[in-house]
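Note that my numbering gives residue 1130 to position 114 of the sequence shown, counting from 1, and the numbers run on in steps of one. Cβ atoms here follow ideal geometry from the backbone N, Cα and C, with glycine treated the same way. As the structure is a computational prediction, the values presented were derived from the model and not from experiment.
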Amino acid sequence: MGIKESIANGIQKRENSNEICEALDNCSRLEAEREIAVESLKAHLSEQRHDFFNLLQVLYGYTQLKKPDKVLAHIKDYCRQLENIGRLYNCKCIKLADLLYTKGKEAESIDMKLEISVEVSFDPVVRILENEAVLQAVDYAVSGFLYVLDQKDCKNAHLMYNLKENADNFHMEIFCRELREGQIEPVCFAIPENTMYWKKIERDVMCFDKIIEYCSDSGIDGRMLEDGSTFVLSIQKTIGV
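Structure (structure tokens):
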């Protein structure tokens, strides 16, 4: 074998070795992500079991008080929420489902309720919603609403999260139901600082101008509507996962 052939073989072996190492790194990364997802799912299942037993206690209390209408309303509300979260799990949008479940618990901790509505197909393209930038944008926006509503002492307010699939995009709309229906006074959603730590729920909160800037940098259409109290996110189906 000549010198050129030996050099060429050496280069090829190094390239093959690099490809093998890269493949192993990818496998390790995917395995680590899988383990994190499994542990997160286990934790949420445990929390949901706890929530279910709490539900039974509430239903029992209404039964003892002879309030069958309250029992039925509570069951319907619980089933509706599980149906919408379950739709995301069935579409394999596990990270988004986990995020919304977590935000719902945060809302409950400050005496509010996160209402979720999901209208998506089972087409694999829906998994574009697992994009990290999309998840961060949803997290930032919901946290911003919860922070402002809590600061304005809007107890028992309903924060609505509506997700709908269109022909070329996924449209998300976040708003306070009581504000839209005129049940409470108009609220200014301007957060004075770019980013601040909200001690009450141990979360960072970003102002909406910065959220809009973050969305723009990430290829997402994020904006506050003219009413000043409805935030929308539009995710093109071609954004890439």
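Item to complete: Over the uninterrupted alpha helix (DSSP H) stretch that includes Gly-1120, give me the two end residues.
Response: For this step, residue 1120 is matched to residue 104 along the sequence shown. 1110-1125 is the span of the alpha helix (DSSP H), which, as asked, contains Gly-1120.
Fill in: Own chain, CB closer than 8 Å to Leu-1075, minus 5 neighbours either side, in chain order
By one-based count along the sequence shown, residue 1075 stands at place 59. Excluding sequence neighbours, Leu-1075 sits near Val-1087, His-1090 and Ile-1091.
Discussion item. Just to confirm the assignment, what range does the alpha helix (DSSP H) spanning Lys-1086 have?
Written reply: The residue labelled residue 1086 in the question sits at position 70 within the sequence shown. It spans 1084-1106 - the alpha helix (DSSP H) in which Lys-1086 sits, taken as one unbroken run.
Worksheet item: How is Glu-1242 classed by DSSP in three states: helix, strand or coil?
Response: Numbered from its first residue, the sequence shown carries residue 1242 at position 226. Reduced to three states, the DSSP call for Glu-1242 is coil.
Worksheet item: To which residues does DSSP link Leu-1249 through a beta bridge?
Response: Translated into positions along the sequence shown, residue 1249 becomes position 233. Met-1188 and Gly-1238.
Fill in: Through-space distance from Leu-1151 to Val-1257, alpha-carbon basis
Your numbering for residue 1257 matches position 241 in the sequence shown. Your numbering for residue 1151 matches position 135 in the sequence shown. Residue confidence for Val-1257 is low, a pLDDT of 46 falling below 50, so the modelled location carries little weight; the figure read from the coordinates is stated next. For Val-1257 and Leu-1151, the distance between alpha carbons rounds to 12 Å.
Worksheet item: Which class does Leu-1081 belong to by DSSP, given the choice of helix, strand or coil?
Response: Residue mapping note: residue 1081 aligns to position 65 of the sequence shown, counting from 1. Coil.
Practice prompt. Determine the extent of the alpha helix (DSSP H) in which Asp-1169 is found, giving its start and end residues.
Written response: On the sequence shown, residue 1169 is found 153 positions in, with the first residue counted as 1. Per DSSP, Asp-1169 belongs to no alpha helix (DSSP H) and is neither H nor E.
Discussion item. As a quick exercise: from Met-1128, Arg-1065, Gly-1077 and Leu-1081, pick the residue whose alpha carbon is nearest that of Leu-1098.
Written reply: Taking the first residue of the sequence shown as position 1, residue 1098 is located at position 82. The candidate whose alpha carbon is nearest that of Leu-1098 is Arg-1065.
Worksheet item: Going by the CB atoms, is the gap between Ile-1190 and Val-1142 shorter than 8 Å?
Response: Sequence index remark: in the sequence shown, residue 1142 carries index 126 (1-based). Sequence index remark: in the sequence shown, residue 1190 carries index 174 (1-based). No.
Worksheet item: Quick one: does His-1090 have its CB under 8 Å from some CB of chain B?
Response: Among the protein chains of the structure shown there is no chain B, as only one such chain exists.
Worksheet item: In the DSSP assignment, what are the bridge partners of Tyr-1177?
Response: Walking along the sequence shown from the start, residue 1177 turns up at place 161. Tyr-1177 is bridged to Ile-1132 and Ile-1190.
Worksheet item: So, using beta-carbon positions, are Leu-1249 and Met-1188 closer together than 8 Å?
Response: If you number the sequence shown from 1, residue 1249 lands on position 233. If you number the sequence shown from 1, residue 1188 lands on position 172. Yes, the pair counts as a contact, with Cβ atoms nearer than the cut-off.
Discussion item. To the nearest angstrom, how far is the alpha carbon of Val-1134 from that of Glu-1122?
Written reply: For the purposes of this step, residue 1134 is identified with residue 118 of the sequence shown, where counting begins at 1. For the purposes of this step, residue 1122 is identified with residue 106 of the sequence shown, where counting begins at 1. About 20 Å.
Worksheet item: Does the beta-carbon distance from Cys-1109 to Phe-1138 come in below 8 Å?
Response: Numbered from 1 along the sequence shown, position 93 holds the residue referred to as residue 1109. Numbered from 1 along the sequence shown, position 122 holds the residue referred to as residue 1138. Taking 8 Å as the Cβ cut-off, Cys-1109 and Phe-1138 do not qualify as a contacting pair.
Item to complete: Count the other C-beta atoms from every protein chain shown that fall within 10 angstroms of the C-beta of Ser-1245, then say buried if there are 16 or more, exposed otherwise.
Response: For the purposes of this step, residue 1245 is taken as the residue at position 229 of the sequence shown. Ser-1245 should be labelled buried.
Fill in: Enclosing beta strand (DSSP E) for Asp-1233 [first to last residue]
In the sequence shown, the residue the question calls residue 1233 occupies position 217. It is not in any beta strand (DSSP E) - Asp-1233 instead sits in the alpha helix (DSSP H) that spans 1224-1233.
Practice prompt. Return helix, strand or coil for Val-1158, following the three-state DSSP convention.
Written response: For this step, residue 1158 is matched to residue 142 along the sequence shown. The answer is helix: DSSP assigns Val-1158 an H, G or I state.
Worksheet item: Name the DSSP bridge partner or partners of Asp-1220?
Response: Indexing the sequence shown from 1 puts residue 1220 at position 204. Tyr-1213, per the DSSP bridge assignment.
Practice prompt. Give the C-beta separation of Ala-1173 and Leu-1165 to the nearest angstrom, bearing in mind that I take them to be a contact with Cβ-Cβ under 8 Å.
Written response: Translated into the one-based positions of the sequence shown, residue 1173 becomes position 157. Translated into the one-based positions of the sequence shown, residue 1165 becomes position 149. The Cβ separation is near 5 Å, so the contact holds.
Worksheet item: Nearest to Leu-1162 by CA position, among Glu-1146, Arg-1096 and Met-1128, is which residue?
Response: Position 146 of the sequence shown, counted from the start, is the residue given in the question as residue 1162. Looking at the Cα atoms, Met-1128 is the closest of the given residues.
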